[in-house]
DNA sequence: CACGTTTGCCAACACTTGTTGGCCTACACT
DNA sequence: AGTGTAGGCCAACAAGTGTTGGCAAACGTG
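Chains as they are written, first to last, in our numbering: chain A, 1 to 185; chain B, 186 to 370.
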């Protein structure tokens, strides 16, 4: 039952292959067989190590957003800092893949949607702190950031893809800043 | 080969059932058998009428956004009008289902993504008019609106779901207004 | 009324899916 | 060296998929 050092290599190979497949195809179309083939291993081993396809998925999307401590920043820079951190997460090799997996499959798989919900209900909401309408503000921020990620990394809308990170940050930061700070309707 | 009046009822039943199933489950998990069962008809008829599952899908996502003429509005109301129109499209029974289908499957299906791209590259961009950076502005608008739709109708983030349409319009309108009118970075 | 066409269902096909059990090999430990 | 345990692959399963062909009944048209 317990893991030994010898199998760690296979486990890791399976996990990275799973992330890549899940990211590329989404939960439903990514098959255990394809993941196993990418990892150069038998499909049955995938089940043996991770229990089921869903267990593998859960292991593949285990990510800490590592949101910075925004409370210690000058209030008027929170928006820009937050947007930049989020976008650089997406641009990165590892986290970007995990986030792609999450978003791609949260759209069709309810388990992934639940995971996304908790991530943005806990990590984002607490990072932003906030009073009684804190959750609403966090959700508005999420709507803009997830929308941007959707258009840039999933749908690949050309005008959004064409922008470099700095320009995108400059465009989005005021929006996020307003959702965090300005009074709501 | 040609359609007769007698079959129109079944065709329509299949189409509405397909829209509902595609919207609820996404392309992959919506099975022809389930759609046929919902329509109270044999699965083979679905294929006979629409050729294949993909043909049925193509027929199910045939929608005109019916974007209003924004040019004739006072410039400072364009944002709010646009946001409200978009949200009410989503709230509506028929169009909302089609949009859900489109977004749900654009994330994993490349054909649907292409359809989405052209919709937001042509319909939205031309509705907003605009000069040389018009496409960029339109894409930024799309990022916020699609993000909001994603959070509200797909991921169902509670704080976004809890808002009524008026409140959401009030929160999002300034963002869209800024993307349309204010200078970009 | 008889004809051909259309509608519809049943059964089946060929295939893919996640998952399981059996068997052999290679390692670790005493 | 001998033994127990874990790694790994093969083959197979049961279930579900989209799709096809054949056949009975209902229809519209002459």
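Backbone N, C-alpha and C fix where the C-beta goes; we use that ideal spot for every residue, glycine too. The model shown is predicted, which means the values in this text are computed figures rather than measured ones.
- By the Cβ criterion, the segment 85 to 104 of chain A is in contact with the segment 59 to 67 of chain A, since at least three pairs of Cβ atoms, one from each stretch, lie closer than 8 Å.
- Our two residues, residue 35/A and residue 9/A, have alpha carbons roughly 15 Å apart in a direct line.
- Close partners of residue 237/B in chain A (Cβ separation under 7 Å) are lacking, with about 17 Å as the shortest Cβ gap.
- The Cβ atoms of residue 350/B and residue 272/B sit closer than 7 Å to each other.
- By the beta-carbon neighbour count (other beta carbons within 10 angstroms, threshold 16), residue 33/A is exposed.
- Listed in chain order, the positions of the segment 194 to 205 of chain B with a beta carbon within less than 9 Å of a beta carbon of chain A would be empty, since no residue qualifies.
- Bounds of the alpha helix (DSSP H) holding residue 159/A are 158 to 162.
- Scanning 205/B, 366/B, 241/B for the CA closest to the CA of residue 279/B turns up 205/B.
- Against chain B, the CB of residue 159/A has a partner CB under 7 Å away; the residue lies at that interface.
- With distances taken between CA atoms, residue 328/B lies nearest to 310/B out of 310/B, 316/B, 341/B.
- A distance of 7 Å or more separates the beta carbons of residue 47/A and residue 292/B.
- For residue 96/A, the three-state secondary structure derived from DSSP is helix.
- Using a CB distance cut-off of 7 Å, residue 58/A does not count as an interface residue toward chain B.
- Judged by DSSP in its simplified three-state form, residue 75/A adopts helix.
- Within chain B, the residues whose beta carbon sits less than 8 Å from that of residue 26/A are 213, 292, 293, listed in sequence order.
- Taking a contact as a CB-CB distance under 8 Å, the pair residue 215/B and residue 207/B counts as one, their CB atoms being some 5 Å apart.
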